[in-house]
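Our numbering puts the first residue of the sequence shown at 653, with every later residue one more than the last.
Notes for the one structure printed next.
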Amino acid sequence: MLDAGFDSPHGMLPIDERNPVILENDGGRDNWQGEMAIALAAAGRMTLVGIIVNASPYWPDIVANFQDWTGLVAAARASGISAPDPVESASPPLHAPASGIIEDTMPNNSPGAQRIRDTAHRLGRDYRPIVVATGGQLTDVADAYLIDHTIANLVVVVSSLGQANASTATVGTPNGDSDPWADAIVVARYHFVQVSAYYEQSQDVSDARVAQLPNDRFGQWINAKRPTILPGFGPSDQISVMAAVMPKYAQTVARMAKSGTASAVAGTGTPPLTVIVPALSNDASGTVWVVSKGDSVTGTNAFWQALTSL
């Protein structure tokens with residue numbers, strides 16, 4: 653038992669494959685988060701209950717982002733796979749109030765925040781909260797708390813962001829640099845899983861495995877997306893899904909709490925913009941779990957097992 657109020661989880665994190673999952677992300681072309689979640693849900697490996705689409709400094713065109721995600725869902729449905737309708741959520745960064753008190757923050761009351769709040773009350777339980785698995789900024793998750801404080805124990809946020817080792821972490825680049833005040837709210841008010849175990853994702857769907865893709869619209873969608881996947885050890889947002897629903901994924905996990913602040917480079921502008929983000933360090937009673945090493949091979953294999961079972 654990791655925490656009073658949480659059901660006994662199957663792995664090292666306070667959630668597992670039994671928790672309902674909402675995806676939240678910006679662009680839909682640079683990683684496999686959506687495809688992995690839809691395939692795993694179709695194979696009975698997780699329960700996908702929502703998709704929220706934002707913009708960010710990296711993917712600023714919310715119309716294009718939404719088209720990418722609706723295209724993915726359409727391809728899945730055309731292949732006989734159920735997937736939830738994406739919610740378009742324009743969510744400008746939150747701003748710290750003059751008082752510095754989180755609850756004094758002016759909320760966006762965005763569609764994404766409303767969806768998180770409503771789903772938390774409908775499906776979340778103190779012993780089995782919903783998961784919001786993010787691959788972008790944390791604005792909507794923080795906003796959901798601002799419009800309804802009572803959801804704090806009904807939601808666990810699992811995010812691909814920041815940098816970490818076994819004893820310290822920063823809630824910054826990548827993804828965490830886009831809304832530092834939202835980061836501070838999530839760290840302070842939610843149970844939060846930071847996944848900073850990036851891997852080389854360009855070979856998840858290699859040339860050698862293309863022939864194994866499903867012979868349908870979903871398989872065609874995945875094949876067509878391959879050239880747009882970011883190479884190297886950059887943001888591989890599907891690690892938020894791996895950590896959320898695969899108990900064997902998280903290999904090095906540290907319990908942490910906020911210990912101060914750190915600087916992070918934000919966005920892609922010139923000159924670079926520096927922002928201040930939460931810094932974390934080990935704390936046995938902290939409400940943050942930081943994954944600094946994950947078994948991406950297990951995650952990729954589960955993705956393929958799901959795809960070949962469709």
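The C-beta atom is built at its ideal place from N, Cα and C for all residues, glycine as well.
Residue from 707, 935 and 909 with nearest C-alpha to residue 791: When C-alpha distances from residue 791 are compared across 707, 935 and 909, the shortest belongs to 707.
Limits of the beta strand (DSSP E) - the one that residue 763 falls within: Here residue 763 belongs to no beta strand (DSSP E); instead the alpha helix (DSSP H) covers 763 to 775.
Paired residues, beta bridge with residue 782 - DSSP: DSSP lists 807 as partners of residue 782.
Anticipated Cβ contact below 8 Å, residue 754 with residue 837, distance rounded: Correct: roughly 5 Å between the Cβ atoms.
Contact set for residue 607: own chain, Cβ-Cβ below 6 Å, skip 5 residues either direction: Residue 607 is absent from the structure shown; the chain starts at 653 and stops at 962.
Residue 678 vs residue 788 beta-carbon contact at 8 Å: Less than 8 Å divides the Cβ of residue 678 from the Cβ of residue 788.
The segment 767 to 782 / the segment 812 to 831 touching (three or more Cβ pairs under 8 Å): Between the segment 767 to 782 and the segment 812 to 831 there are fewer than three C-beta pairs closer than 8 Å, too few to call the two in contact.
DSSP-derived helix/strand/coil call for residue 738: Reduced to three states, the DSSP call for residue 738 is strand.
Rounded separation between residue 811 and residue 716 - CA only: Roughly 22 Å separates the two Cα atoms.
Beta-carbon proximity list for residue 760, same chain, < 6 Å, skipping 5 on both sides: Closer than 6 Å at Cβ, skipping near neighbours: 743 and 795.
Environment of residue 844 [buried if 16+ CB atoms lie within 10 Å]: With 16 or more other Cβ atoms within 10 Å, it is buried.
Identity of the residues DSSP links to residue 838 by a beta bridge: Answer by DSSP bridge pairing: none, since residue 838 is not bridged.
Complete alpha helix (DSSP H) runs within the segment 852 to 898 (minimum length 4 residues, chain order): As summarised for the segment 852 to 898, the continuous alpha helix (DSSP H) elements at least 4 residues long and confined to that stretch are 869 to 877 and 891 to 897, given in chain order.
Residue range of the unbroken alpha helix (DSSP H) whose run includes residue 725: Counting along the chain, the alpha helix (DSSP H) containing residue 725 begins and ends at 714 to 730.
Cutoff 8 Å; reference residue 739; Cβ partners in own chain excluding five residues on either side: Leaving aside the five residues that flank residue 739 on each side, the residues in its chain whose CB is nearer than 8 Å to its CB run, in chain order, 702, 703, 704, 705, 763, 764 and 767.
For residue 676: DSSP bridge partner residues: Note: residue 676 sits in a beta bridge opposite 704 and 786.
Delimiting residues of the beta strand (DSSP E) encompassing residue 692: From DSSP, residue 692 is part of no beta strand (DSSP E) but of the alpha helix (DSSP H) over 685 to 694.
Burial state of residue 853, where buried means 16 or more other Cβ atoms lie within 10 Å: Within a 10 Å sphere around the beta-carbon of residue 853 sit 16 or more other beta-carbons, which makes this residue buried.
Distance CB(residue 594)-CB(residue 691) smaller than 8 Å: This structure does not reach residue 594, given that the chain is present from 653 up to 962, and the question cannot be answered.
The segment 874 to 888 touching the segment 921 to 930, judged by at least three CB pairs closer than 8 Å: The segment 874 to 888 and the segment 921 to 930 do not touch, with fewer than 3 CB-CB distances between them shorter than 8 Å.
N- and C-terminal bounds of the alpha helix (DSSP H) containing residue 823: In the DSSP annotation of this structure, residue 823 is not part of any alpha helix (DSSP H), being labelled neither H nor E.
When 859, 953 and 660 are compared against residue 778, the one with the closest alpha-carbon: The alpha carbon of residue 778 has as its nearest neighbour, out of 859, 953 and 660, the alpha carbon of 660.
Endpoints, beta strand (DSSP E) assigned at residue 665: Following the DSSP letters along the chain, one finds residue 665 in no beta strand (DSSP E), marked with neither H nor E.
Residue environment, residue 769, which counts as buried when at least 16 other CB atoms sit within 10 Å: Buried, because 16 or more other Cβ atoms sit within 10 Å of the Cβ of residue 769.
CA-to-CA distance, residue 833 to residue 684, given in whole angstroms: Near 27 Å, if we compare the C-alpha coordinates of residue 833 and residue 684.
Short Cβ contact (8 Å threshold) for residue 831 with residue 745: Against a cut-off of 8 Å, the Cβ pair of residue 745 and residue 831 comes out as a contact.
Reduced DSSP category for residue 817 - H, G, I as helix; E, B as strand; rest coil: The DSSP-derived three-state label of residue 817 is coil.
Rounded separation between residue 865 and residue 668 - CA only: Whole-angstrom Cα-Cα distance: 27 Å.
Residue from 850, 959 and 938 with nearest C-alpha to residue 909: Taking only the C-alpha atoms, the option nearest residue 909 is 938.
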